[in-house]
Amino acid sequence: MKPLDLGDVPSLYETVFVVGYPRGGDNISITKGIVSRVEVTKYSHSKAKLMTIQIDAAINSGNSGGPVFMENKVVGVPFQGLSSSENTGYIIPTPVVKHFICRVKENGGLDGFCSLGIWCQHMENALIRNYFKMTSEMTGILIKRINPLSSSYGILKKDDVLLSVDGVPIGNDETVSFRKKERINFNHLVSMKKLGETISLKVLRDGKHHEFNINTKPVQPLIPAYEFDKQTSYYIHAAYVFLHLTKPYIDASGIEDSILQYTPKYADEQIVVISQVLKDDISVGFTIFEDLQVKKVNGVRVENLKHLRQLIEECPTENLRLDLENDNTIIITSHESAKNITPKILKRYGIPTAMSKDLVQSKLEKK
Numbered sequence: 007m008k009p010l011d012l013g014d015v016p017s018l019y020e021t022v023f024v025v026g027y028p029r030g031g032d033n034i035s036i037t038k039g040i041v042s043r044v045e046v047t048k049y050s051h052s053k054a055k056l057m058t059i060q061i062d063a064a065i066n067s068g069n070s071g072g073p074v075f076m077e078n079k080v081v082g083v084p085f086q087g088l089s090s091s092e093n094t095g096y097i098i099p100t101p102v103v104k105h106f107i108c109r110v111k112e113n114g115g116l117d118g119f120c121s122l123g124i125w126c127q128h129m130e131n132a133l134i135r136n137y138f139k140m141t142s143e144m145t146g147i148l149i150k151r152i153n154p155l156s157s158s159y160g161i162l163k164k165d166d167v168l169l170s171v172d173g174v175p176i177g178n179d180e181t182v183s184f185r186k187k188e189r190i191n192f193n194h195l196v197s198m199k200k201l202g203e204t205i206s207l208k209v210l211r212d213g214k215h216h217e218f219n220i221n222t223k224p225v226q227p228l229i230p231a232y233e234f235d236k237q238t239s240y241y242i243h244a245a246y247v248f249l250h251l252t253k254p255y256i257d258a259s260g261i262e263d264s265i266l267q268y269t270p271k272y273a274d275e276q277i278v279v280i281s282q283v284l285k286d287d288i289s290v291g292f293t294i295f296e297d298l299q300v301k302k303v304n305g306v307r308v309e310n311l312k313h314l315r316q317l318i319e320e321c322p323t324e325n326l327r328l329d330l331e332n333d334n335t336i337i338i339t340s341h342e343s344a345k346n347i348t349p350k351i352l353k354r355y356g357i358p359t360a361m362s363k364d365l366v367q368s369k370l371e372k373k
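In short: position in the sequence shown from 1, add 6, done, that's my numbering.
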């Protein structure tokens, strides 16, 4: 069997062919599409912002993961569509595919794509450019926030103006030159860096030019975008089911997604919530307190789900106090009574164990 060759990113208006087995039949399906856009967009599963190719052909269930051909070469992999629009599909271009394959070969896996871990604002308005002492020849974007766990933290600062990446000027709209007359978001240049590879940044700070070299790395968000490859971590104490917050949970529960903008303060930080309050005498009056974040246990701030388990199981007092969101809601439970009640509640609801395997393992390792 001869392997397929990978081609370049197709140009606008070029014709491509999507091959796969979409629902609606058993035989192979070939769909013709025209390239209408090449830009950085959010991927539906990982939520990473990477280069994509938009075509005027629908990507249906069964197409994802197959090849997209142009002149006998693979130019991408179809992976998502746009539900609000007909005949609009998106494919992963070969630069992203090659980067993924290379990283897997070198490291045996992929922990994500590199990021500067910064939030930026466009500077298309002349008044804001003048305020930050930019000359008429300068273009760039304003840095608003920096992820404390990123390589940029401690080097870049809020209100810095990012002028260029690896010598490539950044436009006031966050884009850089791509091919002839096309432009693409500057994050594409960052995401194609290998782990630990150096990136050069030119910055305007208080009217003065600075140049920094930063070793790139993936930046994990405070709230994971997905955990399809992991079993859900949970902990049950008495009638209370605790989980750490993820994007799929937010989507399913109706929690405001503004919380996704939060940045972690330290490694391994998690937002722990009460996912469910099971009905029992010990939880009378507290059953309405679901989908709320647990801020403190007996006055100690909760760092993550493992820490919460530790705080509860090592509680030195008879009563256990849980402070929930904004410290405005409190749950009190009897620590000793909960030890006896928890096995009964688990049996009643058909739950095999009070905690997930990862928490059991961490408990054994501590011993």
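Beta carbons: idealized from backbone N, C-alpha and C, even for Gly.
With DSSP as the reference, label residue i as helix, strand or coil.
i: H105; result: helix
i: E112; result: helix
i: K236; result: coil
i: I256; result: helix
i: V278; result: strand
i: N153; result: coil
i: L122; result: coil
i: L284; result: coil
i: I265; result: helix
i: H250; result: strand
i: L195; result: helix
i: I134; result: helix
i: S289; result: helix
In this structure, what does DSSP give as the bridge partners for residue i?
i: T366; result: Note that residue 366 is Val in the sequence shown here, rather than Thr. Partner(s): none; V366 has no beta bridge.
i: P175; result: S170
i: P84; result: I97
i: R189; result: S183
i: K214; result: R211
i: M361; result: Y241
i: Y159; result: L162
i: F75; result: F23 and V80
i: S206; result: N219
i: L10; result: None; L10 has no bridge partner.
i: L148; result: Q127 and V167
i: P379; result: The question about residue 379 has no answer, for the chain in this structure spans 7 to 373.
For residue i versus residue j, is the C-beta distance shorter than 7 Å?
i: G82; j: R29; result: no
i: V308; j: V278; result: yes
i: A326; j: H341; result: In the sequence as displayed, the identity of residue 326 is Leu instead of Ala. Against a cut-off of 7 Å, the Cβ pair of H341 and L326 comes out as a contact.
i: I147; j: I124; result: no
i: H128; j: N178; result: yes
i: A360; j: I242; result: yes
i: S289; j: A245; result: yes
i: T222; j: I205; result: yes
i: S362; j: S183; result: no
i: V41; j: I59; result: yes
i: P99; j: M140; result: no
i: S158; j: L122; result: yes
i: Q86; j: S52; result: no
i: N153; j: K55; result: no
i: Q267; j: H250; result: no
i: S142; j: V225; result: no
i: K302; j: D274; result: no
i: P270; j: L228; result: yes
i: F119; j: S197; result: yes
i: E320; j: Q299; result: no
The ligand NAP heavy atoms versus the CB of residue i: any closer than 6 Å?
i: N332; result: With respect to small molecules bound, the structure shown includes none, and the ligand NAP cannot be examined in it.
Inter-stretch contact at 8 Å, needing at least 3 Cβ pairs: the region 196-213 / the region 149-168: yes
Between the region 227-237 and the region 171-188, are three or more C-beta pairs nearer than 8 Å? no
Length at least 3, wholly inside the region 13-68: the beta strand (DSSP E) runs in chain order: 21-26, 35-48 and 55-61
Count the CB pairs spanning the region 59-78 and the region 15-26 that are closer than 8 Å, and state whether there are at least three. yes
Please give me, in chain order, every unbroken run of the beta strand (DSSP E) with length at least 3 that falls completely inside the region 292-359. 298-303, 325-330 and 336-340
Is it true that the region 181-193 meets the region 99-113, where meeting means three or more beta-carbon pairs spaced less than 8 Å apart? no
How do the region 303-320 and the region 212-220 stand: do at least 3 beta-carbon pairs fall below 8 Å, yes or no? no
Does the region 93-109 come close enough to the region 53-69 that 3 or more CB-CB pairs lie under 8 Å? yes
Can we say the region 281-296 touches the region 342-351, given the rule of at least three CB pairs closer than 8 Å? yes
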